[in-house]
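Participant:
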Amino acid sequence: MAQASPRSTVEAAVKPISRRPASSAPWPLNLYASAVGKKWVMAITGVIGMGFITMHMLGNLKIYLGAEELNHYAEGLRTFGAPFVPREGILWMLRSILVVALVLHVHAAFSLWSANRRARPVAYASQRDYIAANWASRTMKWTGPIILLFILMHLMDLTFGTWNKDFISGNVYHNVVALFTQLPKVIVYLIANIALGIHLWHGAWSLFQSMGVNNPYLNALRRVFATAFALAIVAGNVSFPIAVYLGIVS
Amino acid sequence: MNFTLKVWRQSGPDVKGSFETYQATGISEDMSFLEVLDVVNEDLIEQGIEPVAFDHDCREGICGSCGMMINGQAHGPGTRTATCQLHMRTFKDGDSITVEPWRAAAFTLVKDLTVNRSALDRIVESGGFISVSTGAAPEANLIPVPKVVADAAMDAAECIGCGACVAACPNGAAQLFTAAKMQHLNLLPQGQSERYQRAERMVETMEEFFGSCTNHGECQFACPKGISIDVIAYMNRDYMSAKVKNRKLSGQS
Ligand code: SF4
Ligand code: FES
Chain A
1 MAQASPRSTV
11 EAAVKPISRR
21 PASSAPWPLN
31 LYASAVGKKW
41 VMAITGVIGM
51 GFITMHMLGN
61 LKIYLGAEEL
71 NHYAEGLRTF
81 GAPFVPREGI
91 LWMLRSILVV
101 ALVLHVHAAF
111 SLWSANRRAR
121 PVAYASQRDY
131 IAANWASRTM
141 KWTGPIILLF
151 ILMHLMDLTF
161 GTWNKDFISG
171 NVYHNVVALF
181 TQLPKVIVYL
191 IANIALGIHL
201 WHGAWSLFQS
211 MGVNNPYLNA
221 LRRVFATAFA
231 LAIVAGNVSF
241 PIAVYLGIVS
Chain B
1 MNFTLKVWRQ
11 SGPDVKGSFE
21 TYQATGISED
31 MSFLEVLDVV
41 NEDLIEQGIE
51 PVAFDHDCRE
61 GICGSCGMMI
71 NGQAHGPGTR
81 TATCQLHMRT
91 FKDGDSITVE
101 PWRAAAFTLV
111 KDLTVNRSAL
121 DRIVESGGFI
131 SVSTGAAPEA
141 NLIPVPKVVA
151 DAAMDAAECI
161 GCGACVAACP
171 NGAAQLFTAA
181 KMQHLNLLPQ
191 GQSERYQRAE
201 RMVETMEEFF
211 GSCTNHGECQ
221 FACPKGISID
231 VIAYMNRDYM
241 SAKVKNRKLS
251 GQS
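Those sequence lines, one after another, are chains A and B. Every letter in the first sequence is one number past the one before it in this note's numbering, and letter 208, counting from 1, is 208. Every letter in the second sequence is one number past the one before it in this note's numbering, and letter 183, counting from 1, is 183.
(1) To the nearest angstrom, report how far apart G263 of chain B and L152 of chain A are at their CA atoms.
(2) May I ask you to report which of helix, strand or coil DSSP gives Y22 of chain B?
(3) Residues of chain B with a CB under 8 Å from the CB of G212 of chain A: which are they?
(4) Less than 8 Å between CB atoms is the rule here; does N116 of chain A satisfy it with respect to chain B?
(5) When the distance is taken between beta carbons, is A74 of chain B closer than 8 Å to L120 of chain B?
(6) Helix, strand or coil for F180 of chain A? Go by DSSP, reduced to three states.
(7) Does the count of Cβ pairs from the stretch 200 to 209 of chain A and the stretch 134 to 145 of chain A closer than 8 Å reach three?
(8) Can you give me the C-alpha to C-alpha distance between V231 of chain B and N116 of chain A, rounded to a whole angstrom?
(9) Just the C-alpha distance for D157 of chain A and V176 of chain A, rounded to the nearest angstrom, thanks.
(10) Enumerated in chain order, which unbroken segments of the beta strand (DSSP E) with a length of 3 residues or greater are wholly contained in the stretch 106 to 189 of chain B?
(11) How big is the Cα-Cα spacing for T134 of chain B and R201 of chain B?
(12) Are A132 of chain A and F221 of chain B touching if we call contact CB-CB under 8 Å?
(13) With a cut-off of 8 Å on the beta carbons, I'd call S126 of chain B and T205 of chain B a contact; round off their distance for me.
(14) Can you give the Cα-Cα distance for G89 of chain A and M235 of chain B, rounded to whole angstroms?
(15) Confirm, please, whether the CB-CB distance from C223 of chain B to A164 of chain B is below 8 Å.
(16) Give the straight-line distance between the Cα atoms of V213 of chain A and D129 of chain A, rounded to the nearest whole angstrom.
(17) Under the assumption that T98 of chain B contacts N71 of chain B (Cβ atoms under 8 Å), give the Cβ distance between them as a whole number of angstroms.
(18) From what residue to what residue does the alpha helix (DSSP H) around V10 of chain A run?
(19) Counting only beta-carbon atoms, is P145 of chain A nearer than 8 Å to chain B?
(20) Is there contact here, the stretch 166 to 174 of chain A with the stretch 242 to 249 of chain B, by at least three beta-carbon pairs under 8 Å?
(21) Given that K39 of chain A touches chain B, what residues does it touch there, using C-beta distances under 9 Å?
(22) I'd like to check one pair, R198 of chain B with L254 of chain B: are the Cβ atoms closer than 8 Å?
(23) With distance defined between alpha-carbon atoms, name the residue in B:C162, B:A150, B:R9 and B:H56 nearest to E50 of chain B.
(24) So what does DSSP say about E69 of chain A, is it helix, strand or coil?
(25) Determine whether the beta carbon atoms of R195 of chain B and D238 of chain B lie at a separation below 8 Å.
(26) Given that C220 of chain B touches chain A, what residues does it touch there, using C-beta distances under 8 Å?
(27) Should M211 of chain A be labelled buried (16 or more other beta-carbon atoms within 10 Å of its own) or exposed?
(28) Per DSSP, what kind of secondary structure is M1 of chain A in: helix, strand or coil?
(29) Could you name each continuous alpha helix (DSSP H) segment of 4 residues or more that falls completely within the stretch 50 to 94 of chain A, going from the start of the chain to the end?
(30) I'd like to confirm the pairing. Which residues does DSSP put opposite L5 of chain B in its beta bridges?
(31) Using a 10 Å radius around the Cβ and a threshold of 16 neighbouring Cβ atoms, would you call M68 of chain B buried or exposed?
(32) Assuming C63 of chain B and I160 of chain B are in contact, meaning their beta carbons sit under 8 Å apart, how far apart are those beta carbons, in whole angstroms?
(33) Looking at L185 of chain B and the ligand PLP, is the gap between the Cβ and the nearest heavy atom below 7 Å?
(34) Kindly indicate if chain B contains any beta-carbon less than 8 Å away from that of W27 of chain A.
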C-alpha cells in the first residue's frame, strides 16, 4: 500500500524520514527493510551470539582442569563430526553462521541507529530526566562497537596469534597463559568483558520484547534471566585472565 | 506560590526560536500547569506581548492535546497525568521550570509549544479501524468476549494520542502509540478479519515518520494513560505473523 499523499497543508508540513519497504521484494528482504523486522533479526542473531558465548565460556572452564584437558577439547572442536565431515568441517560451518549473524546484527544496529538520529533532528534543551531508560540501554551504541573491536583483537590474540608474541598453533593452554601474563592485556580483556556484560544485560531482556515473547505472568523473569545470564558470562570470562595473572593457572 | 518559567518561543516553523523567561506569581497549589500558562499569558497580553501558544482542549486528561516537555519530562513529573492534570503542588515554591515543545522529526513545530501531530493520524488511518457496515448498533452480547481480553483491549484503547511516548523516547519512536491503537482492535473478535493487514500497514506507516524502538521502556512512564510496553511486544509478534500470512494470502488470489 502506498502512502496516501498529503491532503492538506497540515499534513504536507510533515515529511517522512524513511522509505516504505518495497512490497515487491522477496520475503526476507521485505521484512528486513522494516525497522521492526530488523529488531527481529537483531534478536535472533543475538540469541545465536548468546549461544556461542555460553559454549565459549563453558568450554574455556576446562582451563581449570589443566593443559591436556583444554587442548584436547580444542582439538575436539576441530575434529567434530569425524569421520563424516572433513577436519574442521563443522567448525567452519559454525563459524560461518556466527560471521553471518554478526554482520547482520551490526548492520541492523547501525541502520536503526542512523534512522533514529533522523527521527529527532532537534534535541531537547533541558536535561532529560530519564525514568526507565537505563545506562545499559542507552550505551548499547558504545558497548556494541567496543565488543566488535574486542572480537577482532581476540581473534588476533588467540585464533590467528598474530598479536601474541609467544603463539604456538594448537596449544591453546600455552597461548592463553602467554597472553595473560601481560598486565595490559588483562586489563583490556576485563574492560571488554564488562562492556559485554552491560550489552548482554540489556540485550538478553530486550530480545523477548522484540520477538513479542510477552506474558504478564512471566515478564518479571525476563529481567532475572538477563541479569543472571550477564553475570554468569562475565564472571566466567573474567576469571580466566585473572586466574592466569595471579598464577592460579600457569 | 511563585515560579520562574523558561518557555520556548518560536513564532513559526521556519524561524529561529529561543527560551524566554517569565515570572508566574501568586499561583495556587491547586492550579494545573495549563492554568499557570494562562496566568502568564494574561500578563503578557497586558504588556502587549504575544501570548505563548499551546495546545489544549478538554483540560481533564482525555483529549491528548496538551503535550509539552516540562523539565525534561513529557507532561511533567506526575505519573499517569497529562499536563492539564499536573497540579502545581508537585513543584516546590520558587522552582524554575523549563517548558519545551515535543521534539521529533514528525512533530514539526507550528508555534511556541504547539506541534503538528498529524503523522499520528496517518498511522491510524492506515489501519486503526474496523470496517463494518454501519446501521443500528448490533446487540452487545452477540459476540462473546472473554473478560480478560476485554480488559486488555480496554487498557490499550485508553491511548489519547498525545504523543508523549514519541516525545519521551530517546529514539523518537511512536511504537507505544501505534501498538496501543493496533492492539485494542487486534485483541478483539471484531478486529480479527483485518488483523494482519492492520499490523503490516500501521507499522510501515509509523516507520515512515518516526524512529524505531530499542526497548528503552521510557514511553510507558511518560504515558498519561499508563499504557504498558506489553502492547509493543504484541505488535512485534503480529507484524511478523502478518509478513508470513499476508504473503500466503496474496499468493492465493
Ligand atoms: S500511548 Fe500514551 S503517551 Fe503515547 S500517544 Fe497514547 S496516551 Fe499518549
Ligand atoms: S487538555 Fe485534554 S488532555 Fe490535557
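Note that CB positions come from ideal geometry on N, CA and C, so glycine has one too. On a predicted model such as this, the values are computed, not experimentally measured, just so you know.
Facilitator: In short, the structure shows the following:
(1) No information on residue 263 of chain B is available, as it lies outside the stretch 1 to 253 that chain B covers here.
(2) The residue labelled residue 22 of chain B in the question sits at position 22 within the second sequence. Strand, per DSSP.
(3) For this step, residue 212 of chain A is matched to residue 212 along the first sequence. Going along chain B in sequence order, the residues near G212 of chain A (Cβ under 8 Å) are A233, Y234, M235, N236, R237, D238 and M240.
(4) Locating residue 116 of chain A in the first sequence gives position 116, where the first residue counts as 1. Closer than 8 Å: yes.
(5) Your numbering for residue 120 of chain B matches position 120 in the second sequence. Your numbering for residue 74 of chain B matches position 74 in the second sequence. By the CB criterion at 8 Å, L120 of chain B and A74 of chain B fall outside the cutoff.
(6) Mapped onto the first sequence, residue 180 of chain A falls at position 180. In this structure, F180 of chain A counts as helix in the three-state DSSP scheme.
(7) Segments in contact, yes.
(8) Looking up residue 231 of chain B in the second sequence gives position 231. Looking up residue 116 of chain A in the first sequence gives position 116. For V231 of chain B and N116 of chain A, the distance between alpha carbons rounds to 21 Å.
(9) Position 157 of the first sequence, counted from the start, is the residue given in the question as residue 157 of chain A. Position 176 of the first sequence, counted from the start, is the residue given in the question as residue 176 of chain A. If I take the Cα positions, the gap works out to 9 Å.
(10) 109 to 111
(11) Here residue 134 of chain B corresponds to residue number 134 of the second sequence, with the count starting at 1. Here residue 201 of chain B corresponds to residue number 201 of the second sequence, with the count starting at 1. Distance between the alpha carbons of T134 of chain B and R201 of chain B is about 23 Å.
(12) Along the first sequence, one-based indexing puts residue 132 of chain A at 132. Along the second sequence, one-based indexing puts residue 221 of chain B at 221. Closer than 8 Å, so yes.
(13) Within the second sequence, the letter at position 126 stands for residue 126 of chain B. Within the second sequence, the letter at position 205 stands for residue 205 of chain B. 4 Å between Cβ atoms; contact.
(14) In the first sequence, residue 89 of chain A corresponds to position 89, counting from 1. In the second sequence, residue 235 of chain B corresponds to position 235, counting from 1. Cα to Cα, the separation comes out at about 40 Å.
(15) Numbered from 1 along the second sequence, position 164 holds the residue referred to as residue 164 of chain B. Numbered from 1 along the second sequence, position 223 holds the residue referred to as residue 223 of chain B. Yes, Cβ-Cβ distance for A164 of chain B and C223 of chain B is below 8 Å.
(16) Counting from 1 along the first sequence, the entry for residue 213 of chain A is found at position 213. Counting from 1 along the first sequence, the entry for residue 129 of chain A is found at position 129. Between V213 of chain A and D129 of chain A, the C-alpha separation is close to 29 Å.
(17) Residue 98 of chain B sits at position 98 when you count from the first residue of the second sequence. Residue 71 of chain B sits at position 71 when you count from the first residue of the second sequence. Rounded, the Cβ-Cβ distance is 6 Å, consistent with contact.
(18) Locating residue 10 of chain A in the first sequence gives position 10, counting from the first residue. Start and end: T9 to A12.
(19) For the purposes of this step, residue 145 of chain A is identified with residue 145 of the first sequence, where counting begins at 1. Chain B contact via Cβ: absent.
(20) no
(21) As a position in the first sequence, residue 39 of chain A is number 39, starting the count at 1. Ordered by position in chain B, the residues that pass the 9 Å Cβ test against K39 of chain A are S212, C213, T214, N215 and N236.
(22) Residue 254 of chain B lies beyond the residue range present for chain B, which begins at 1 and ends at 253; the question has no answer from this structure.
(23) Here residue 50 of chain B corresponds to residue number 50 of the second sequence, with the count starting at 1. The shortest C-alpha separation from E50 of chain B is found at B:R9.
(24) As a position in the first sequence, residue 69 of chain A is number 69, starting the count at 1. E69 of chain A: helix per DSSP, three-state reduction.
(25) Translated into positions along the second sequence, residue 195 of chain B becomes position 195. Translated into positions along the second sequence, residue 238 of chain B becomes position 238. Going by C-beta atoms, R195 of chain B is nearer than 8 Å to D238 of chain B.
(26) Residue mapping note: residue 220 of chain B aligns to position 220 of the second sequence, counting from 1. The sequence shown places Gln at residue 220 of chain B, rather than the Cys named in the question. Within 8 Å Cβ-Cβ: A132.
(27) Along the first sequence, read from residue 1 onward, the residue named residue 211 of chain A stands at position 211. It is buried - the Cβ of M211 of chain A has at least 16 other Cβ atoms within 10 Å.
(28) Reading the first sequence from its first residue, position 1 is the one you call residue 1 of chain A. Reliability fails at M1 of chain A, whose pLDDT of 48 lies under 50, so the model's placement of it is uncertain and the value that follows must be treated cautiously. In this structure, M1 of chain A counts as coil in the three-state DSSP scheme.
(29) 67 to 78
(30) Here the question's residue 5 of chain B lines up with position 5 in the second sequence. Beta-bridge pairing links L5 of chain B to B:Y22 and B:I97.
(31) Translated into positions along the second sequence, residue 68 of chain B becomes position 68. With 16 or more other Cβ atoms within 10 Å, it is buried.
(32) Taking the first residue of the second sequence as position 1, residue 63 of chain B is located at position 63. Taking the first residue of the second sequence as position 1, residue 160 of chain B is located at position 160. The pair is a contact, with the Cβ atoms about 7 Å apart (cut-off 8 Å).
(33) The model on display carries the ligand SF4 and the ligand FES but not the ligand PLP.
(34) The sequence position of residue 27 of chain A within the first sequence is 27, counting from 1. Yes, W27 of chain A counts as interfacial toward chain B.
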